[in-house]
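> Numbering (this note's numbering), first residue to last: 39 to 449. Glycine included, C-beta positions come from ideal geometry on N, C-alpha and C. All figures in this text were calculated on a predicted structure; none of them were measured in a lab. I am attaching a structure below and will ask some questions about it afterwards.
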């Protein structure tokens with residue numbers, strides 16, 4: 039059978055760029071701004087913590103159902119558009135009436151919508167460019183998402199400073215409009231591509247039993263191995279920046295806010311610069327070498343944080359966060375696409391990996407916080423670095439190369 043390589047219109051590719059850019063803008067509004075806004079509305083830390091926990095728990099519980107839903111629905115664009123509208127609704131609920139019940143509903147809506155958006159955008163990307171070009175496309179997606187996050191953080195910070203934190207959420211809702219306009223610009227490569235937005239044409243060779251049995255995904259040792267690697271990655275990674283922020287606050291009182299902002303911006307810049315290269319190298323070298331490079335940054339970063347009291351040096355060390363984030367951001371959907379090629383279960387797999395990420399992140403903040411309180415921040419950093427070393431070894435010993443033979447470059 040001759041493989042058909044999709045040839046999407048340039049307008050569709052630009053539309054996908056815009057979707058990633060503006061969705062990152064929108065999602066930034068639900069970061070630290072929620073806690074700041076609720077604090078300004080005289081909420082207690084207990085109430086804020088409960089609201090944030092509701093969002094986290096909903097997101098963890100929604101990962102698998104959302105992935106399965108994206109797999110089952112043929113109209114991926116309509117589903118993504120609905121999720122974007124859900125995010126807008128959540129932002130407006132938060133801005134209009136900051137009472138506990140409505141904020142809780144908003145966090146649930148936002149969490150469910152977010153769980154749909156990630157696999158939905160990946161599915162549209164695969165449908166546009168096909169499996170053979172998906173590495174480079176996912177790298178480009180990550181670049182525009184990183185740029186969007188950086189721009190949004192700056193604009194929303196200024197908006198909160200010069201207007202109010204409530205205005206941030208009105209701005210968030212407004213930014214869903216260009217996201218939907220960009221989504222509408224995405225069209226099929228050819229009228230004959232009837233399975234557009236599902237899986238690429240090579241998946242037509244899938245056997246019926248693989249296509250019809252989602253349980254087989256959870257029995258695939260490669261999938262389970264990658265899920266373990268995702269848990270370990272976020273066990274090592276998630277708590278590092280909060281701990282580093284605490285150390286900066288202790289040692290650089292007057293410039294702490296600026297330095298913490300730099301700790302966020304530096305990795306975003308590196309992600310924007312590296313992500314396309316990560317996608318290309320994953321196609322050229324294979325997935326394992328790129329994964330190993332990204333995971334190796336974790337123990338190095340943890341060890342350097344443990345021996346670096348200077349706050350400016352901490353900012354420089356955050357460059358390793360940019361490397362690992364660029365690799366993980368591109369490789370999670372790319373490896374998931376490899377593992378599920380021919381099964382029609384790409385988005386269920388992404389949901390499973392999202393569940394693994396949530397588990398690892400929850401364990402990271404809990405265990406690192408306990409270690410920092412009882413054993414000291416340096417020990418906590420070393421513990422996170424050790425978890426990063428275990429994550430690296432897990433990739434080395436457990437993860438096979440997932441790049442299909444037909445996708446290997448000629449020569």
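Would you kindly work out how many angstroms separate the C-alpha atoms of residue 91 and residue 45, rounded to a whole number?
On the chain shown, residue 91 is found 53 positions in, with the first residue counted as 1. On the chain shown, residue 45 is found 7 positions in, with the first residue counted as 1. Taking the straight line joining both Cα atoms gives about 44 angstroms.
> Taking only three categories from DSSP, how would you classify residue 369?
Numbered from 1 along the chain shown, position 331 holds the residue referred to as residue 369. The answer is helix: DSSP assigns residue 369 an H, G or I state.
> What is the residue span of the alpha helix (DSSP H) that residue 419 lies within?
In the chain shown, residue 419 corresponds to position 381, counting from 1. Taken as a continuous stretch (DSSP letters only), the alpha helix (DSSP H) holding residue 419 covers 415–436.
> Can you list, in chain order, the residues of its chain whose CB lies under 8 angstroms from that of residue 246, leaving out five sequence neighbours each side?
The residue you call residue 246 lines up with position 208 of the chain shown. Reliability fails at residue 246, whose pLDDT of 46 lies under 50, so the model's placement of it is uncertain and no value is given.
> Output needed for residue 374: all residues of its chain with C-beta closer than 7 angstroms, excluding positions within five of it in sequence on either side, in chain order.
Position 336 of the chain shown holds residue 374. The residues are 384, 387, 388 and 391.
> Can you tell me which of 399, 81, 307 and 349 puts its alpha carbon nearest to the alpha carbon of residue 426?
Within the chain shown, residue 426 is the residue found at index 388, counting from 1. Among 399, 81, 307 and 349, the Cα nearest to that of residue 426 is on 399.
> Determine the closest residue to residue 298 out of 162, 407, 322 and 279, with distance taken between C-alpha atoms.
Along the chain shown, one-based indexing puts residue 298 at 260. For residue 298, the closest of 162, 407, 322 and 279 by C-alpha to C-alpha distance is 279.
> Once you ignore the five residues that flank residue 228 on each side, which residues in its own chain have a CB closer than 6 angstroms to its CB?
Along the chain shown, one-based indexing puts residue 228 at 190. Model confidence at residue 228 stands at a pLDDT of 49, short of 50, so the residue's coordinates are unreliable and nothing is read from them.
> With the cut-off set at 8 angstroms, would you say residue 122 and residue 89 are in Cβ contact?
Working through the chain shown from its first residue, we reach residue 122 at position 84. Working through the chain shown from its first residue, we reach residue 89 at position 51. Not a contact, by the Cβ cut-off of 8 angstroms.
> Ignore the nearest five residues each way along the sequence and tell me which others in residue 100's own chain have a CB closer than 7 angstroms to its CB.
For the purposes of this step, residue 100 is taken as the residue at position 62 of the chain shown. Here the set comprises 149, 150 and 153.
> Is it true that the CB of residue 104 sits closer than 8 angstroms to the CB of residue 281?
As a position in the chain shown, residue 281 is number 243, starting the count at 1. As a position in the chain shown, residue 104 is number 66, starting the count at 1. For residue 281 and residue 104, no; Cβs fall outside 8 angstroms.
> Alpha carbon to alpha carbon, how far is residue 184 from residue 62?
Residue 184 sits at position 146 when you count from the first residue of the chain shown. Residue 62 sits at position 24 when you count from the first residue of the chain shown. When rounded, the distance between both Cα atoms is 7 angstroms.
> Nearest by alpha-carbon distance to residue 377: which of 274, 225, 443 and 124 is it?
Your numbering for residue 377 matches position 339 in the chain shown. The residue with the shortest Cα to Cα distance from residue 377 is 443.
> Does the distance from the CB of residue 267 to the CB of residue 436 come in under 8 angstroms?
Translated into positions along the chain shown, residue 267 becomes position 229. Translated into positions along the chain shown, residue 436 becomes position 398. Going by C-beta atoms, residue 267 is nearer than 8 angstroms to residue 436.
> Out of curiosity, what's the CA-to-CA distance linking residue 234 and residue 118?
Here residue 234 corresponds to residue number 196 of the chain shown, with the count starting at 1. Here residue 118 corresponds to residue number 80 of the chain shown, with the count starting at 1. Low confidence applies here, because residue 234 scores a pLDDT of 45, under 50, leaving its location unreliable; read the following figure in that light. Rounded to whole angstroms, residue 234 to residue 118 spans 15 angstroms at the Cα level.
> Sorted by chain position, which residues of the same chain lie with C-beta nearer than 6 angstroms to residue 58's C-beta, five sequence neighbours on each side aside?
Here residue 58 corresponds to residue number 20 of the chain shown, with the count starting at 1. Apart from sequence neighbours up to five positions away, the residues of its chain that approach residue 58 with a beta-carbon distance below 6 angstroms are 179, 182 and 183, ordered along the chain.
> Starting from residue 143 and walking both ways along the alpha helix (DSSP H), at which residues does that stretch end?
Numbered from its first residue, the chain shown carries residue 143 at position 105. 138–167 is the extent of the alpha helix (DSSP H) around residue 143.
> Is residue 158 closer than 8 angstroms to residue 108 when the C-beta atoms are compared?
What you label residue 108 is simply residue 70 of the chain shown in a count that begins at 1. What you label residue 158 is simply residue 120 of the chain shown in a count that begins at 1. Yes, the pair counts as a contact, with Cβ atoms nearer than the cut-off.
> Using a Cβ-Cβ cutoff of less than 7 angstroms, which residues in the same chain neighbour residue 50 once the five nearest sequence positions on both sides are dropped?
Numbered from its first residue, the chain shown carries residue 50 at position 12. Only 166, 223, 224 and 225 meet the Cβ criterion.
> Excluding sequence positions up to five away, which residues of its chain have a Cβ less than 6 angstroms from the Cβ of residue 396?
The residue labelled residue 396 in the question sits at position 358 within the chain shown. Here the set comprises 98.
> Within the same chain, show all residues whose beta-carbon is closer than 8 angstroms to that of residue 258, passing over the 5 residues directly before and after it, in chain order.
Residue 258 sits at position 220 when you count from the first residue of the chain shown. Counting only Cβ-Cβ distances below 8 angstroms, and skipping sequence neighbours, we find 377.
> Taking its Cβ as the centre, do 16 or more other Cβ atoms sit within 10 Å of residue 271, making it buried, or is it exposed?
Start at 1 with the first residue of the chain shown, and residue 271 comes out as number 233. Per the 10 Å Cβ criterion, buried.
> At a cut-off of 7 angstroms, would you count residue 136 as near the ligand SAH, judging by its Cβ distance to the nearest heavy atom?
You won't find the ligand SAH in this model; it holds no ligand whatsoever.
> Within 10 angstroms of the Cβ of residue 116, are there 16 or more other Cβ atoms? Answer buried if so, exposed if not.
Taking the first residue of the chain shown as 1, we reach residue 116 at position 78. Flag for residue 116 reads exposed.
> Have a look at residue 210 and residue 276 and give me their C-alpha separation to the nearest angstrom.
Within the chain shown, numbered from 1, the residue matching residue 210 stands at position 172. Within the chain shown, numbered from 1, the residue matching residue 276 stands at position 238. Spanning the two alpha carbons is a distance of roughly 25 angstroms.
> Hey, would you say residue 191 sits closer than 8 angstroms to residue 197, going by beta carbons?
As a first step, residue 191 must be located in the chain shown, where it is residue number 153. As a first step, residue 197 must be located in the chain shown, where it is residue number 159. Not a contact, by the Cβ cut-off of 8 angstroms.
> With DSSP run on the structure shown, which of helix, strand or coil describes residue 83?
For the purposes of this step, residue 83 is taken as residue 45 along the chain shown, with counting starting at 1. In the structure shown, residue 83 sits in a helix (DSSP, three-state: H, G or I).
> If you count every other CB in all the chains shown that lies within 10 Å of the CB of residue 415, and 16 or more means buried, which is it?
Position 377 of the chain shown, counting from 1, holds the residue named residue 415. So residue 415 counts as buried.
> Distance, Cα to Cα, residue 429 vs residue 438?
Working through the chain shown from its first residue, we reach residue 429 at position 391. Working through the chain shown from its first residue, we reach residue 438 at position 400. Those two C-alpha atoms are separated by around 14 angstroms.
> Given a cut-off of 8 angstroms on the beta-carbon distance, is the pair residue 213 and residue 64 in contact?
One-based indexing of the chain shown puts residue 213 at position 175. One-based indexing of the chain shown puts residue 64 at position 26. Their beta carbons are under 8 angstroms apart, which means residue 213 touches residue 64 by this criterion.
> Are there 16 or more other CB atoms within 10 angstroms of the CB of residue 344, so buried, or fewer, so exposed?
In the chain shown, the residue the question calls residue 344 occupies position 306. By the 10 Å Cβ count, residue 344 comes out buried.
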